[in-house]
Amino acid sequence: MKATKLLVIIGTLLVLGLIIYFPGRKLAREHVNYETAVQNHPLSCISCHYYTQRTGFISKLINEDYLSPFNLTVSKDGRRLFVIAQDANELLVVDADKKNVLHKIKVGIHPHSVILSENGKIAYVSNQWSDNVSVIDLASSKVVDSLKTGNGPAGLALSADGNFLYAVNAFGSNLSVINLKTKEEINRFSTGNNPTGIALSKVSKELYVTSRRQNPVAYGEPLVSDFTVVNDSTQKLKKYISMNNAYLMENVAFTPSGDLALTALTRPKNLVPAIQVERGWMMNDGIGIIEQKPNGKVVQLLIDEPNSYYSSLFDVVISPNGKKAFLSSSGVDYISVVNLDSIRNIIANTSPQMLKRLANNLGTSSRFVTKRIKTGAVPKGLALSPNGKLLYVAEMLDDKIGVINTETLEKIYTIDLGGPKRITIARKGRRLFNNAAHTFQNQYACYTCHPDNHEDGLEYNFASMGRNIVNVISLREIADTPPYKWSGKNQSVYKQDGMRFSKFLTRTESFNYEDLDALVAYIKTGIKLPPNLMYNKDGKLTESQLRGKEIFNRSVDNLGKVIPKKSRCVTCHPSPYYTNLKLEDVGTLSKTDDSILFDTPNLNNIYASAPYLHDGRAKTLEEIWTVYGGDDNHGRVNDLSKIELNDLVNYLKSLRGSNYEKSSLKTQHASF
Amino acid sequence: MEGMIVATQVPKNLQNANYYNGNSWRYFSKSKIVLLNPNRVNKPVKVLTNNFYAACTPQISFDGKSMLFTAQKSKNDLWQIWEMNLENLKAHQITTSSKNCIDPTYLPENRFVFSEIDSDSISKKGIPLFTGNLDGTNISQITYNPTINFASTVLKDGRILTISSEIYPKEKEAMFMVLRPDGTKEELFYKGAKGSVIKSRGFETTKGKVVFIESSSNKKTGDIMSIKYNRPLHSSVNLTQEIKGDFYTVSQLKGDTLLVSYRESKSNAYALYEFNSKTKKLGKLIYKNDTLNLLDAILIKKHNRPRNLPSEVNLKSKTGLIVCQNINFLDSPDKISKAVKIEILGMDASLGKVTVEKDGSFYLKVPANTPFQIQTIDNKEQVVNGPSSWLYLRPSERRGCIGCHENREQVPENRQPLSVRRAPILLPEQIKEVNKKRMH
Amino acid sequence: MKKTDIIKQTKLTAMIIVVFIIGTLSYNLSAQNKKPNQNKMPIYGHWKNFTSNDGLPSNKTYCVRIDGKRVLVGTNKGLAVYENGKWKTYTIKDGLAHNGVLAIDVSKLTGDVWLGTMGGLTRWSAGKFENFTQLNSGMPNNLIYAVICDAKDVWVATGGGAGKYDTYTKQWEIFTQQNAPMHEPWTYGVCEGDGKIFIAAWGGGVVEYTKKTKKFRDYTDPDGKMEIDLFPDDGLVHDITTGTSWANGYLWVATYFGLSRYDGVHWKGYFDHDSGLTSNFINYVRAVGSIAYLCTDKGLSTTDGKNWVNYTTNNSSKNGKATIIVGTKKTELAMIPSISHNFVLGVDVSNHTIWLATSRGVSRGELLK
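Residue numbers (this note's numbering), protein chains in the order written: chain A, 2 to 673; chain B, 668 to 1107; chain C, 14 to 382.
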């Protein structure tokens, strides 16, 4: 009897199981096919439902807290390395001889750079997401002070007399001058767009500040990024030096004799229809050389080769004898060694017209690049030992410091900084994101157009020649904001980075599913949104922002008329991501666009995403309505006074991460 | 089988290369594919193709378990492509063409590329490349210019490297061309000095080099040339300048050690040797037999699969697009070209003339799979440059050129060509595009 | 030698003698002024005039600012810069927002030059031009009559209200009748002093903005819109104000109907009929130290509130004069050449030099010793 009952139960369960299994499997198949946009993806739930967990137990289980060494410097005696562990918010003090970490000093959020005082007793660390500089007493390994800077401090430099600290404000696009005696900012100079690197010429006493984004121009106009030159002695702006057709100038260095300034740069081809990758048609990498003499030449030379590219240049350092420069290519994990005498020779013996040509020539690197040295994953900051014999490389996504013998030009060992040994799926994704191996001939990485996981401020002309110009979209806060692309054609990040991505963008083999899992996991969980310290530090809105918020949420216009729902800002841009995830027509379709609707973008930290609109035609938020919103198609605005429009813009600038807007949303705990 | 070598074995007296007849180039009667152990010098070889009248040009699959080769099953058969399972040595025929199919090479995703010789049309159509599935399905032509393409190999970046020479209206020197497996983006990879002849298939080593055999204008015997993949046009090194004798084929054995077919003089047969590319010296002898040549030797080894490149070809489309930034952009800034028009020349007639934009750019839509040349014309209707070499576009292919005679290491200036601000000019005017769907 | 020549020579000799005497007198005057606690009025002479013949893009000049070793002049055809004895012009081709440059100020902190034009605000920073317009930014209006730098902030007086640009946060704040005690958004001048911003609001008198409290108050003419000043020194002389300037504890307010001075408690009015003011029609005022420089339609007046030195020209010739009024004593000094034109729109002074923007080019005067 019991056995019969058992059989009946088992039989029922089996039948029920089968009833559920087959339709369930069919449904799952349909779901996976929809999300991945392919028919043959394995029915793996973990791809999208496990790896992409941002909070809770699973997130803790699958992720790790990595260090991510970003920049570093060496003590004068060469015995200590001071390493920025960007994701740990720490400065690591490393014994260079014993190759171990001596101290971990907690600094501000998202530290960027470190420099030492002349006597080597103090370290200054810029905290990019805290808007300050930590002053660290190295004898006690303690943070003893905090110096207020502008928005997003990155590169640091001391004045020649050691009395002033210069902090490059990457987000504010200016340079803070801090009096180290009074500990107060005494001046702030405008710089190029999104500056990071700074160097002081010991000879000319001039400071050179790089910039990473181009000066705002309409699509089609030449792309120019600026160097800012400040006289350290007079503390006055001296000039801007234009780098034509270049951007992402991360860092700059001077030769010891002061005859040259060198910067790492990228030369995008965003104005050229992106119809092929062959023959350098998409992105090139190079060095900018500025001769330090009256009427000195400003020259650019590619470090790429005809069939091989050295993507995502980051740092540049020069040997004490001024003969060699080392450049880190974080997109291909290589250090390029440059013979500076060859560079001097090329500049001296080439006509200006030919020099201009060489800026677009892939063969020239063979005349000055003497060696390519393989490094660990994503080499960022570089530092030479004081005698110049060792080159230290911050291998960011390996949590290691690579050490290169600068005479043999071989990597001789690595210093393990003690990060987690396990490589999580999202960490793997981050490596893929940064690595250019997934584009044809390593020409560019995801990171190239999405530096800092954001966007590069450029508009591109993808496969349809001369048509459908698109503004690069930030990858911050996109996990929950499908669909993707301005056309909204991609319903998931999985599809966005899948087959068509390789067909039209990377033009090499598409990611396999394991890699795609990892990349999607990183994009959906590992990209953090910087705080909005400039416009909304603590959630307390200014009077103007509050007035702007009212306008944003209003349903009645200034004339007392009810605003149709579709013309209210908040309808299409509701909190927490300020997008309704739908496609809309805001009257911005141009003659060169296919007739489509545009995906409503999310507005978190929108202040940092100029230019605006699908083709980047609006250089500022104001222009969205003053120039391109005349017909009230993009919200009801024509009744607003200039003061009210300013209020609205001020409110938009105050928008920050979704985690501030909705208590149930929490930021990812782990770092990648 | 891993670690063994396969090679083509043929009687000592080789036929002369001749592209125009069915027995072209190095397809020899009574050739055999043999198996050797590189570590056992001059040990008797095992013949793998006893069941064939002739078999040659072995190529090893990426997993090291199969071999593609060209064979005549019986005398007077057409040459066809076969594949052999190296574990059980069973062979199966892949192509069953009414023409000679030669020079197969593995492509990723169980595909392969080969040359098909149609002796009747060779003088005008050349020898095109075809690709297909290894099961013999989906075989289709990928090149469409009057060019002889043969001895293909596949580079790690996924592109096909082929020896190519224009044949119409007259034969030109062969060079290495490179193209995607869908036939798109064909471009020059390497061209030797004047009078030189590329004599063997290229082989990409794990050291970032492509090695091959070339003879120079004054020395008719073959030398091993090495070019860098990264900079193929300007990095050639003759590895055997100091060595007397004649090299016939080359592949990589391990590291800097190459596997070469070499003979000291014409009176010898080609023997197999190791060759150190670093010291540029012949190494260990592997096999030598004065009555038999050993050619096309290749190591049986699992090796990295090249990239599987996506295809932009859409066979529903009948046209392709080509954009040029500036027809007056020349290799030197000092040279001046004042062309104002281009003429597109078909095989039989001109497709039409187009006035270029002020910036020297043009943007055309031309029939796909159709060879054409471009020549530039000044305002006096005189030809300034050209005609160019033969080009073709695959259906829906988009090609970009910087200029007409620019340095081939030049990348485009970051400037939008004026020509793409309007729709492409259709040439010839009467063509109709059936596929209007946009690509992106 | 012809008779006319002899007459000319005689005249020239006489003039030289007169100039010599005047020079001696002025030297004595200057010497007297060096005494402690003396209200010394600087006197400028040795005028040198620059017109389009000398390299200026146009004779229609609107404003002038001395910037170290160079002088910046706003004209209707661009910005003219005088440096090392040469003029160089910058126009919209170089990046200027508009060629009509109405106002100039230089940031003491950064050295950036801010140019108020008829088509927007231009920052000229170490050679780079950056434009702010009512379309691309939160700036109130493209017609900019005045611009001043106040530490990190830049203030503009425009046809659509006053505006404050925070160079750190890159945000604009606008002040119009919507949020400030103005009658209409038209503003003509702006200055800073004593922790306050003083906006010359057309028809609205002076609008005072206290930076610390962000509070406004206004100063208007107690006589309303009457064009005469019924009760002297009861307040601002007129609501239609054209400029403000603050120095040494005094706010100077220019109107088309006279001059006002405010010491924080009391107002004082000055008119052409009851003071040394050369004309009630004042285009612009600039106070430096204890002296106010007043650009009028009838020449330049300078005053310390008590004494006056006025510079005029006989517009039909190159000759003119300086009229020195000390108390009730009036002296005249011939100036050959004199200032370029009596319609003066802009002025700036440095230690020893004065520059004027007039309707016929610019004039440079040297401090007479």
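Ideal Cβ positions, reconstructed from N, Cα and C, are used throughout, including at glycine.
Small disclaimer: the values here were computed from a predicted structure and weren't measured.
Test: residue i CB closer than 8 Å to a CB of chain B
i: TRP282 (chain A); result: yes
i: LEU159 (chain A); result: no
i: LEU398 (chain A); result: no
Nearest-angstrom beta carbon gap, residue j and residue i [assumed within contact, 8 Å]
i: ILE367 (chain C); j: GLY378 (chain C); result: 4 Å
i: LYS897 (chain B); j: GLY875 (chain B); result: Before going on, a small fix: residue 897 (chain B) reads as Asn here, not Lys. Right, their Cβ atoms sit about 6 Å apart.
i: SER202 (chain A); j: GLY289 (chain A); result: Their Cβ separation, rounded to whole angstroms, is 15 Å, which puts SER202 (chain A) and GLY289 (chain A) out of contact at 8 Å.
Nearest neighbour of residue i, chosen from the options [CA to CA]
i: PHE190 (chain A); options: A:LYS239, A:LEU181 and A:ASP146; result: A:LYS239
i: GLY206 (chain C); options: C:HIS251, C:THR171, C:GLY174 and C:SER258; result: C:SER258
i: ILE1 (chain A); options: C:ARG78, C:LYS165, C:CYS308 and C:THR309; result: Because chain A spans 2 through 673 in this model, residue 1 (chain A) falls outside it and cannot be assessed.
i: THR798 (chain B); options: B:SER788, B:LYS792 and B:PRO775; result: B:PRO775
Nearest-angstrom Cα separation, counted from residue j out to residue i
i: TYR857 (chain B); j: LYS1032 (chain B); result: 28 Å
i: VAL1051 (chain B); j: LYS1005 (chain B); result: 8 Å
i: ARG972 (chain B); j: GLY25 (chain A); result: 37 Å
i: LYS324 (chain A); j: THR256 (chain A); result: 8 Å
i: TYR608 (chain A); j: LEU622 (chain A); result: 8 Å
i: GLY689 (chain B); j: TYR335 (chain A); result: Per-residue confidence for GLY689 (chain B) stands at a pLDDT of 41, beneath the threshold of 50, marking its modelled position as unreliable; the derived number appears in the next sentence. Rounded to whole angstroms, GLY689 (chain B) to TYR335 (chain A) spans 49 Å at the Cα level.
i: VAL94 (chain C); j: TRP100 (chain C); result: 5 Å
i: GLY91 (chain C); j: PRO70 (chain C); result: 7 Å
i: GLU1064 (chain B); j: PRO483 (chain A); result: 31 Å
i: LEU208 (chain A); j: TYR167 (chain A); result: 9 Å
i: ASN261 (chain C); j: MET397 (chain A); result: 58 Å
i: TYR1030 (chain B); j: MET842 (chain B); result: 28 Å
i: GLY318 (chain C); j: ILE304 (chain C); result: 8 Å
i: ASN364 (chain C); j: GLY658 (chain A); result: 54 Å
i: VAL278 (chain A); j: PRO153 (chain C); result: 46 Å
Residue i: contacting residues in chain B (beta-carbon distance under 8 Å)
i: ILE276 (chain A); result: LEU988, VAL990, ARG1065, ARG1066 and GLY1067
Amino acids of chain A, ordered along the chain, whose beta-carbon sits closer than 8 Å to that of residue i
i: TRP185 (chain C); result: ASN647
Contacts that residue i makes with chain C (C-beta to C-beta distance below 8 Å)
i: TYR241 (chain A); result: SER138, ALA139, GLY140 and LYS141
Any chain A beta carbon closer than 8 Å to residue i
i: GLN191 (chain C); result: yes
i: LEU156 (chain C); result: no
i: ASP824 (chain B); result: yes
i: ASN688 (chain B); result: Any reading at ASN688 (chain B) needs caution, since the residue's pLDDT is 47, under 50, leaving its predicted position unreliable; the model's value is listed next. No, no contact with chain A.
i: GLY108 (chain C); result: no
i: VAL1087 (chain B); result: yes
i: SER372 (chain C); result: no
i: SER150 (chain C); result: yes
i: HIS1072 (chain B); result: no
Closer than 9 Å at the beta carbon, the chain A residues around residue i
i: PRO977 (chain B); result: MET500, ARG501, SER503, LYS504, PHE505, THR507, ARG508, THR509, GLU510 and SER511
i: ALA854 (chain B); result: The identity of residue 854 (chain B) in the sequence shown is Glu, whereas the question assumes Ala. Simply GLU279 and ARG280.
i: THR180 (chain C); result: ASN175, ARG189 and SER191
Any chain C beta carbon closer than 8 Å to residue i
i: VAL473 (chain A); result: no
i: GLU222 (chain A); result: no
Chain A residues whose Cβ lies nearer than 7 Å to that of residue i
i: ASN897 (chain B); result: GLU306, PRO307, ASN308 and SER309
i: TYR1030 (chain B); result: MET466
Under 7 Å by beta carbon: chain B residues contacting residue i
i: LEU272 (chain A); result: ASN1081, ARG1082 and GLN1083
Neighbour list for residue i in chain C, Cβ cutoff strictly below 9 Å
i: VAL115 (chain A); result: Within chain C, no residue comes near VAL115 (chain A); the closest Cβ sits about 25 Å away, beyond 9 Å.
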